[in-house]
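When the sequence shown is numbered by the working numbering, its final residue is 598 and no position is left out of the sequence of numbers. No residue lacks a Cβ here, since even glycine has one placed at the ideal position from N, Cα and C. These figures come from a predicted structure and were not determined experimentally.
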Amino acid sequence: MVDKILVDKILVDKMDSENSSKKDYIKFTGDVGWVSLYRVVVYLLAFFTIPALTKNLGTELYGLWNQILVTVGFLTPLLMLHLGTAVVRYLASEKRKDVLSQSFANMLWIIISLSLFALILSIIFRTQLSLILFESVNYSSFVILAFLYAATSALFDFILTYLRARGKIKELSIINVVSYALMTASLIIMATLGFSLELMICVYLLIYFGFVVIMIISVKRDIGLRRPNFNKTNVESLKKFILFSIPQIPNGILLWVLNLSDRYLITFFLGLSQAGIYSASYNIGSIITAFYMPISFVLFPVVSRYWDNNEKGKVRLYLEYSTKIFLFIAIPGSIGLYVLSKPLLQILTTSEFVIGGALTFYVAVGYIFLGIFQINSFIISLVEKTKFIPIITAIGGTMNILLNIILIPEIGIIGAAIATLLSYLVLSVIVLLWARKEVKYRLDTVFLAKVILSSVIMALIIQFILSASIHRIIIAVLVGIAVYVSCTFGLKTLHKEEKEIIYDILGVLKNLVGRKIGTKK
């Protein structure tokens, strides 16, 4: 009798544990869905900016705009001191509101002070910086705008890390969608009406800064944002955050080298016009970031909590599950972009920007490897060995610069894309080996083969219905999705448990929609 009771209890505990794990996966995937939705909206809006800017600015000014974006991408993490990662790593599980408020406030004021200092330097050295960044002293006013953009971006991104750490993914996604929609709308309208690029950027930044103010007010209402206080206890906490974040600053610079230095080298060797042409195809290939960024964005606070609770098995499962979700979407995405890139460029840009699909494909595959790196590199942060991250990234960054210097003069802008792909490949291999060492991580090669096969079949079919028209591209995308999903299910690419999670998520969405319809009635 006692044995039967014990067995029943064990079975009940097991079922509870399985149900809890399934609910965790559903919530995790739901959060990824929210961030994915916002990324999809961002990229759809970005598509509308490409024709508006390329057709109204021309290759040189469009190249200048992309150089500004590249510069902002470099400066933003520097001005943040990468403290956003410390917020996610250490404040995700913090229950004491006073500690949370004070820690966040101290870090915020450091970022504000550093941003003001950088802005003053940009004003003083604008002429010299213009020559370095844009190969001309005629664009010195854009240097100040670029630094102002970076300062606003640093504040915006840092405040978002609070919402990320507290699991407020839905609110975070809505803020991103609304802010980006308004800023993009201002660019499109003003470019179409023929306003100067300077005025377009000023209006863009005014909207951006408005959202920073709104978010600061929201955080203050939530946790009572305090004045900076650097007493002994707070300094100790801040020291811990900075020691965690500082090693990631050179890593941020090196990642920038990997991501964006090719634009500077193309400008140096081939000129701003070639950089503009490269950027148009690059922007299409970089759509793959829409697939891994939502996953990595949601993943870090989740695995941090499990690691702190000594649940390493769940950390491994989440890393494996996240990588599979990413590859399941990104591999067909990259092959699809290879087929779609030329007709998309024909519709979105002028004939000057239209080149073959190879460049877009190399960029897209490179971003697949970067996605694998970004998702699984959290294991290095969890074991608190962030000092090794810059070393790993330096290997890829050095390789990237050398390959760019060799390949760009020889084979042009296609060489920059190949250099980026090979560099990201090296990073992904290193981090996968580290994850295998720490949590016995396993990459499912059978799953990978089935996804690639399904993607190739999809690409072969959509080529026959594709042409340079919007409606044919939409039809090709829909047919491609249907073919790919049919092939993956036919090949039994997903395991039973993964299918159950997907069905559960669809069931939750169906119930939510049903309740909303019922409420309206």
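For this session: Report all residues from its chain with a CB closer than 8 Å to the CB of Phe307; omit the five preceding and five following residues, and keep chain order.
Result: Asn183, Leu315
Exercise. Are Leu543 and Arg549 close, meaning C-beta to C-beta below 8 Å?
Worked result: yes
Exercise. With Gln325 and Val416 assumed to form a contact (beta carbons below 8 Å), what rounded beta-carbon distance in angstroms separates them?
Worked result: With 8 Å as the limit, Gln325 and Val416 do not qualify as a contact, their Cβ atoms being about 37 Å apart.
Exercise. How do the stretch 220-229 and the stretch 183-200 stand: do at least 3 beta-carbon pairs fall below 8 Å, yes or no?
Worked result: yes
For this session: Using only alpha-carbon positions, find the residue among Asp234, Ile209, Ile266 that is nearest to Met157.
Result: Asp234
Problem set entry | Top-ranked residue by Cα proximity to Gly362, from Ile445, Phe202, Leu259, Tyr281 | Ile445
Problem set entry | Alpha-carbon spacing of Ala352 relative to Ala262, whole angstroms | Whole-angstrom Cα-Cα distance: 24 Å.
Exercise. Going along the chain, which residues of its own chain have a beta-carbon closer than 6 Å to the beta-carbon of Asn328, five neighbours each way excluded?
Worked result: Ile466, Pro467, Thr470
Exercise. Any chance the stretch 415-429 sits against the stretch 454-466, with 3 or more Cβ pairs inside 8 Å?
Worked result: no
For this session: Determine, using beta carbons only, whether Ile538 and Val560 come nearer to each other than 8 Å.
Result: yes
Problem set entry | Extent of the continuous alpha helix (DSSP H) run through Ser418 | Note, Ser418: alpha helix (DSSP H), 389-425.
Exercise. Would Gly413 be called buried (16 or more neighbouring beta carbons within 10 Å of its own) or exposed?
Worked result: buried
For this session: Express the C-alpha separation of Leu509 and Ser213 in angstroms, rounding to a whole number.
Result: 43 Å
Problem set entry | Asn308 in three-state terms, based on DSSP | coil
Exercise. DSSP three-state call for Lys517: helix, strand or coil?
Worked result: coil
For this session: State the DSSP-derived secondary structure class of Ile251, mapped to helix, strand or coil.
Result: helix
Exercise. Where does His572 sit, in a helix, a strand or coil, going by DSSP?
Worked result: coil
For this session: Buried or exposed for Pro371, please, with buried defined as at least 16 other CB atoms from any protein chain shown within 10 angstroms of its CB.
Result: buried
Exercise. Is Val460 helix, strand or coil when you go by DSSP?
Worked result: Coil at Val460, not helix or strand.
Problem set entry | Reduced DSSP category for Asn183 - H, G, I as helix; E, B as strand; rest coil | helix
Problem set entry | Backbone secondary structure at Arg173 - three-state DSSP | coil
Exercise. Ile87: buried (16+ other C-beta within 10 angstroms of its C-beta) or exposed?
Worked result: With a pLDDT of only 40 at Ile87, under 50, the local geometry of the prediction cannot be trusted, and no value is derived from it.
Exercise. Nearest CA to the CA of Leu237: which residue from Ser256, Lys514, Val220, Tyr355?
Worked result: Ser256
For this session: Using the Cα positions of Leu274 and Thr475, report the straight-line distance between them to the nearest angstrom.
Result: 34 Å
Exercise. Considering only the beta carbon of each residue, do Ile408 and Ser207 sit closer than 8 Å?
Worked result: no
Problem set entry | Pick from Ile323, Leu114, Leu146, Ala258 that is closest to Ala163, judged by C-alpha positions | Ile323
Exercise. If you follow the alpha helix (DSSP H) that Phe541 is part of, which residue opens it and which one closes it?
Worked result: Careful: Phe541 lies outside any alpha helix (DSSP H) and carries neither H nor E.
Problem set entry | Glu248 versus Phe345: straight-line alpha-carbon distance, rounded | 42 Å
Problem set entry | Per-residue DSSP class, three states only, for Ile145 | helix
Exercise. Considering only residues of the same chain and omitting the five flanking positions on each side of Phe368, which have a CB-CB separation below 7 Å?
Worked result: Phe403, Ile406, Ala407, Gly410, Gly448
Problem set entry | Candidates Ile547, Ser546, Leu240, Leu530, of which the one nearest Thr570 by Cα | Leu530
Exercise. By Cβ distance, which residues of its chain are closer than 6 Å to Leu259, with the 5 residues on each side in sequence left out?
Worked result: Ile284
Exercise. Mapping DSSP to helix, strand and coil, what is Leu270?
Worked result: coil
Problem set entry | Reduced DSSP category for Glu137 - H, G, I as helix; E, B as strand; rest coil | helix
Exercise. CA-CA distance, Val375 and Ile246?
Worked result: 8 Å
For this session: Output the boundary residues of the alpha helix (DSSP H) element that contains Ile372.
Result: 366-385
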